[in-house]
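Participant:
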Amino acid sequence: MSAYKPLGGRILTAPFIFFAVIFLISLYFMAQRFIFGMGAASNLNGGFAWGIWVVYDVVIGTAFACGGYALAFTVYVFNKGQYHPLVRPAILASLLGYAMGGFGAFFDMGRWWQFYEIFLPWNWNFNSVMLEVGLCVSAYILVLALEFAPVYLEKIGAKGLLKTLNKLLFFFIALGMLLPTMHQSSLGSLLIVMGQKVHPLWQSWQFQPLLALLSALIMGFSIVIFEASFSTVGFRRASETSLLAGLGKIILGLLISFLLVRTVLLVVQGNLDQLFAGDRATLLYLIETVLFLIPVFILASPVNRNDGGKLLIAAVSMLLGGALYRFDAFLFTLNPGVGYSYFPSVPEIMVTLGVVSFEIMAYLVLVKTLPVLHREEHA
Amino acid sequence: MAEKEFDFSEVEKRLGVSRRTFLKFCTGVAASLGLPTSAAMAMAKAVADPKRRPPVIWLHGQECTGPTEALLRSEQPSLAHLILDLISLDYHQTLDAGAGHQVEAVKKKSMRENAGKYLLVIEGAIPVKDKGIYCKIAGETMLDLTREAAEHAAAIVAYGSCSSWGGVQSATPNPTGAQGAPQVLKGKPVVTIPGCPPNPANFVGTVLFFVTYGKLPPLDEKMRPQWAYGRLIHENCYRRPHFDAGRFANEFGDEGHRKGYCLYKLGCKGPETYNNCPSLEYNNIGGGVWPVGVGHPCFGCSEGGVGFTKPLFSLADLKTLTPPNTFPKIQDRQKTGGLSAGAAALAGAAVGVAVGASAVTVKKLGDKNSSGSGDQQD
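Pasting the structure below:
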């Protein structure tokens, strides 16, 4: 008997219908992009070649989808088995998040019908950071699908296949840790490649991969808390706060290292003066820092860690901070040269909202029909 | 300051160049080597002092004598004079006045008398197939002659691509098994000055350094002097701004080619060839005399594994950035961006919904917390 079971219940709930409406509207704009092209649908230009389709859907979206990575690390590398009940929903969210990132990238590809070229080894350009990210993310989507496959196989009762897969799963779990480590740090390398276009407050050069990885892990753990909290309230399940409190401790360590590394780098690389420039970049940097400091103060006290509400405040604060960190570096303070500016167009925002809505709808349907969530214990 | 002014009148007479021209040349060489002006003076003194002239044995293997020809045709002030005066050239098949067994005997004698002191210069590849019978001088194979001369040499310099890594002879299918001197003389340090033909300035600079300081200049892992081969041609090329801006010649004679754009797409191997051609050009003739200067892509003559190996017009492997196919136009910058009211409202609404939903959840979780864990069955 599996320890997991489908949630059951109605599919067509009010939130589901809300997201479905957004998704249906977005279909119109998606069609617009694919029929009339990127120029017609987006505000992208020669200076800002990457808009929200890359920065939100891929760069931030995959960090939001790092829940599976962060938990797999905790459970399988540090052998903290007690967190196992959180793994399946986290893997599902990661799968959906990464699939969304991969799908989102299509909107941003000028000649998307040539995407398969990236998989042909004789085309590979080994100097390209994007090649690493592209291949790695594609591979990770496959790995996540395999990691999630037991859930589906349990449902349809394919016992033989399930047994074989379970024997091989350790290999894919290992890959599932290696691949995000590689491409999440490469997302930092993208900023190195952008060089002086990146504002000095965000351009830490060779430390970009480290900061990218740390922020991805912070966001990954936060999203686990975020999802679990919403599941508790939305599906009226038992509170998982006691489990999440443990994660809070890990996050606290990550947060402090992130803030410490960033501050030390600011001093060592001689960019401290930028903090006193008093411009928009300074303000954004300070907002980010505050968003990262709020969870430090919340999580430092064990009482707060065991309070579900406070834990969620901390998680949301970190998610906003992490998202802002990436938005700031890639978009808000990017300086591609005189005369360029960018704000996403309505079709761009609608496409992104549509993709996110679809992701949430898929999550809602899958947890209700597949054994994803842990069977509640009866005390 | 108090030092007595060095007397260059002897040099003036010997070389037939004015003191001013001579010092200018030494300063130029020192500058190429990245050395201070004081080094130029030291070099000038070393050249002027006839007692310090090292004996040189110069061997020719499989080659076209390009390196020697290049050296002799140099337009630098009496460079041939200078180099011949700077050293005591005891044996050189192209330049020796004598011939036959007599000259071979002189070589053997010089090598015996100057054992451990002479400079060995090797020009041309060394065939090793069938015990090296494909290149013989005075009945002995080049292979044996090279090993014999290397035995007691103070320093060994491979001059030209052939002796540095095999050159054109070693191109597939390499019927004679031609190899460079470093491959034949394994275990012995062989300074290489590759190029087809090599720039004489790179040779003279290295030899002057050796004569002046009694040691070799800093070398890279292929034993090339770093001052000459430390940078890719691509790094110092004066067509580089065109590369970075995406302006390429796509065909010989097209508009880009006529305007002097980057030759990367015509197969220029500058991005993978280490040499100082862009800064020194060739033989001080000036006027852009070197392949890229006259509109032909670099073919990597000095780089083993590139020159005579890769097809002439195939794209080079870039060690740094690969250029995109197109670059943004400068003139359409002013039209970019544009924040519409609808977009701002939409973005605000999306963030608002996310934060609002979180706030409601926080409140509900808080209620749950305060009511204890009794409602688990709900």
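Just so you know, the protein sequences line up as chains A and B, in that order.
The first sequence begins at 1 in the numbering used here and counts up by one.
The second sequence begins at 1001 in the numbering used here and counts up by one.
Even glycine gets a Cβ: it sits at the ideal position worked out from N, Cα and C.
Bear in mind that the values here come from a model prediction, so they are computed numbers and not experimental data.
1) If the cut-off is 8 Å on Cβ atoms, which residues from the stretch 120-136 of chain A count as contacting chain B, listed in chain order?
2) If we define contact as Cβ-Cβ less than 9 Å, is THR241(A) a contact residue for chain B?
3) Can you check which of these residues, PHE343(A), THR289(A), SER42(A), is closest to SER257(A) by C-alpha distance?
4) Look up PRO1077(B) in the DSSP assignment and say whether it is helix, strand or coil.
5) Can you give me the C-alpha to C-alpha distance between TYR4(A) and HIS374(A), rounded to a whole angstrom?
6) Taking VAL1306(B) as the query, report the chain A residues whose CB atoms sit under 7 Å from its CB, ordered along the chain.
7) Which residues does DSSP pair with PRO1323(B) in a beta bridge?
8) Within the same chain, show all residues whose beta-carbon is closer than 6 Å to that of SER1018(B), passing over the 5 residues directly before and after it, in chain order.
9) Could you check what DSSP says for THR1192(B) in three-state terms: helix, strand or coil?
10) What are the residues that DSSP puts in a beta bridge with GLN1062(B)?
11) Are at least three pairs of beta-carbons, each pair with one atom in the stretch 1111-1119 of chain B and one in the stretch 1161-1175 of chain B, less than 8 Å apart?
12) Run through the stretch 1191-1247 of chain B for me and flag every whole alpha helix (DSSP H) of 4 or more residues, listed as ranges in chain order.
13) In chain A, which residues lie less than 8 Å from ALA1350(B) when you measure between Cβ atoms?
14) So that I know if they touch, is there some Cβ in chain B lying closer than 9 Å to that of LEU312(A)?
15) Measuring only the C-alpha atoms, how far is ALA72(A) from LYS197(A)?
16) Flag ARG10(A) as yes if its beta-carbon sits less than 9 Å from any beta-carbon of chain B, otherwise no.
17) Using a Cβ-Cβ distance cut-off of 9 Å, determine whether GLY1366(B) contacts chain A.
18) Would you call the CB atoms of ALA65(A) and ILE223(A) closer than 9 Å?
19) Can you list the residues of chain A that THR1361(B) reaches, using a CB-CB cut of under 7 Å?
20) By the 10 Å Cβ neighbour count, where 16 or more other Cβ atoms means buried, how is PHE1313(B) classified, buried or exposed?
21) For a contact meaning CB atoms closer than 7 Å, what does VAL316(A) contact in chain B?
22) Helix, strand or coil for LEU1315(B), going by three-state DSSP, please let me know.
23) Please list, in chain order, the chain B residues whose beta carbon lies closer than 7 Å to that of LEU346(A).
24) List the endpoints of the continuous alpha helix (DSSP H) containing ALA315(A).
25) Assign GLU1140(B) to one of three DSSP states: helix, strand, or coil.
26) Taking C-beta pairs closer than 8 Å, name the residues in chain A that THR1094(B) reaches, listed in chain order.
27) At least one CB of chain A closer than 9 Å to the CB of LEU1321(B): is that the case?
28) Counting only Cβ-Cβ distances shorter than 8 Å, please list the residues of the stretch 1220-1243 of chain B near chain A, keeping chain order.
29) Can you tell me whether DSSP reads GLN1179(B) as helix, strand or coil?
30) Does DSSP classify ILE11(A) as helix, strand or coil?
31) Rounded to whole angstroms, what's the CA-CA distance from THR1145(B) to CYS1262(B)? Just pull it up for me.
32) Entirely within the stretch 1094-1121 of chain B and at least 4 residues each: give me those alpha helix (DSSP H) ranges in chain order.
33) Check the Cβ-Cβ distances between GLY309(A) and every residue of chain B, and say whether any is below 9 Å.
34) On the criterion of 16 or more Cβ atoms from any shown chain inside 10 Å, does LEU161(A) qualify as buried, or is it exposed?
35) Are the beta-carbon atoms of THR1206(B) and VAL1191(B) separated by less than 9 Å?
36) Would you mind sorting GLN184(A) into buried or exposed? The rule is 16 or more other CB atoms within 10 Å of its CB.
Facilitator: The relevant details are as follows:
1) Considering only beta carbons, the part of the stretch 120-136 of chain A lying closer than 8 Å to chain B consists of ASN125, ASN127, SER128, in chain order.
2) yes
3) THR289(A)
4) Below a pLDDT of 50, predicted positions are generally treated as unreliable, and PRO1077(B), at 46, falls in that range; the measurement from the model is reported next regardless. Under the three-state reduction of DSSP, PRO1077(B) is assigned to coil, being neither helix nor strand.
5) 4 Å
6) Those do not exist, as VAL1306(B) stays about 18 Å from chain A at its closest Cβ, beyond 7 Å.
7) DSSP, once it has assigned bridges, lists no residue as partnering PRO1323(B).
8) Taken in chain order, the list of residues that qualify is empty.
9) Assigned with DSSP and collapsed to three states, THR1192(B) falls in strand.
10) Under DSSP, the beta-bridge partners assigned to GLN1062(B) are ALA1125(B).
11) no
12) 1200-1213, 1226-1229, 1233-1236, 1240-1245
13) Chain-ordered, the chain A residues with CB closer than 8 Å to the CB of ALA1350(B) read ILE349, LEU353.
14) yes
15) 35 Å
16) It does not: the Cβ of ARG10(A) has no partner Cβ on chain B nearer than 9 Å.
17) yes
18) yes
19) Near THR1361(B) (Cβ distances below 7 Å), the residues of chain A are SER229, PHE230, VAL233, LEU312.
20) exposed
21) SER1358
22) In the three-state reduction of the DSSP assignment, LEU1315(B) falls in the coil class.
23) Checking the sequence shown, residue 346(A) turns out to be Val, not Leu. Chain B residues near VAL346(A): SER1340, GLY1342, ALA1343, LEU1346.
24) 308-327
25) Assigned with DSSP and collapsed to three states, GLU1140(B) falls in strand.
26) In chain order: nothing, as chain A lies at least about 44 Å away.
27) yes
28) Of all residues in the stretch 1220-1243 of chain B, none has a Cβ within less than 8 Å of some Cβ in chain A.
29) GLN1179(B) carries a strand assignment under DSSP once its states are collapsed to helix, strand and coil.
30) coil
31) The question names Thr, but residue 1145(B) is Leu in the sequence shown. Near 45 Å, if we compare the C-alpha coordinates of CYS1262(B) and LEU1145(B).
32) Secondary structure in the stretch 1094-1121 of chain B: the alpha helix (DSSP H) runs of 4 residues or longer, each lying completely within the stretch, are 1100-1113 in chain order.
33) yes
34) exposed
35) yes
36) buried
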